[in-house]
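In our numbering, the protein residues as written are 79 to 234. Where a beta carbon is used, it is the ideal one built from N, C-alpha and C, also for glycine.
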Amino acid sequence: MQGALTDLGEDNHIYICDINPNMLSVGKKRAAERGYSEEHCLSWIQGDAEALSFEDGSMDGYTIAFGIRNVTHIEKALSEAYSYDAYSFSVIPAVGELVSGDRQSYQYLVETFALPLTKPLLQEKFAQMIQETGFEKVEYENLVGGVVAIHSGLKL
Numbered sequence: 079m080q081g082a083l084t085d086l087g088e089d090n091h092i093y094i095c096d097i098n099p100n101m102l103s104v105g106k107k108r109a110a111e112r113g114y115s116e117e118h119c120l121s122w123i124q125g126d127a128e129a130l131s132f133e134d135g136s137m138d139g140y141t142i143a144f145g146i147r148n149v150t151h152i153e154k155a156l157s158e159a160y161s162y163d164a165y166s167f168s169v170i171p172a173v174g175e176l177v178s179g180d181r182q183s184y185q186y187l188v189e190t191f192a193l194p195l196t197k198p199l200l201q202e203k204f205a206q207m208i209q210e211t212g213f214e215k216v217e218y219e220n221l222v223g224g225v226v227a228i229h230s231g232l233k234l
């Protein structure tokens, strides 16, 4: 993330959205510890991935990491992502948190693997869901032996 923020121009803006205000607080704190704040084009917004409050067509990109497993209606969240005219959609696993030694994030990851939602949500099925939303050139790459995967698709 640090390299990406450094490369952003002055006209770019990143909205960090989470339904959980505590997660937003953790994110703000971590960003501040790394020298990033709202002055660095970051805005922190409490919101629901199934009903985002941004104008349609107002975003160039959209990412969601392990949060997709916490969404009740995945198809609705994907449809919401598609409405922002994003040229790309990525589900990027937060493997970096595991590597960094962040025990709390790692524990959360282990606990959520047992959720009923994650068992039927295999990589191929999720890729199909992304494609059915309207994204094209959908593909995925398994990491850590398929424990996590990076999914991507383009809105053309």
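Going by other Cβ atoms of all chains shown within 10 Å of its Cβ, with 16 needed for buried, is residue i buried or exposed?
| i | result |
| --- | --- |
| Ser103 | exposed |
| His229 | buried |
| Asp96 | buried |
| Lys233 | buried |
| Glu210 | exposed |
| Ile123 | exposed |
| Gln158 | The question names Gln, yet the displayed sequence has Glu at residue 158. The residue in question, Glu158, is buried, as its Cβ has 16 or more Cβ neighbours within 10 Å. |
| Ser131 | exposed |
| Ala127 | buried |
| Val226 | buried |
| Ser121 | exposed |
| Ala110 | exposed |
Using DSSP's beta-bridge definition, name the partner residues of residue i.
| i | result |
| --- | --- |
| Val222 | Looking at the DSSP assignment, Val222 forms no beta bridge with any residue, so it has no partner. |
| Leu234 | The partner list for Leu234 (beta bridge, DSSP) is empty, contrary to what the question assumes. |
| Glu217 | Ser230 |
Quick one: Cα of residue i to Cα of residue j, how far?
| i | j | result |
| --- | --- | --- |
| Gly231 | Phe213 | 5 Å |
| Val129 | Ile94 | The residue you asked about is not Val; residue 129 is Ala in the sequence shown. Rounded to whole angstroms, Ala129 to Ile94 spans 15 Å at the Cα level. |
| Tyr90 | Ser136 | First, the amino acid is wrong: residue 90 is Asn here, not Tyr. Cα to Cα, Asn90 sits roughly 12 Å from Ser136. |
| Pro313 | Ala155 | The displayed coordinates of the chain run from 79 to 234. Any statement about residue 313 would go beyond what the structure contains. |
Can you list the alpha helix (DSSP H) stretches of 4 or more residues lying completely in the segment 81-166, in chain order? 99-111 and 152-160
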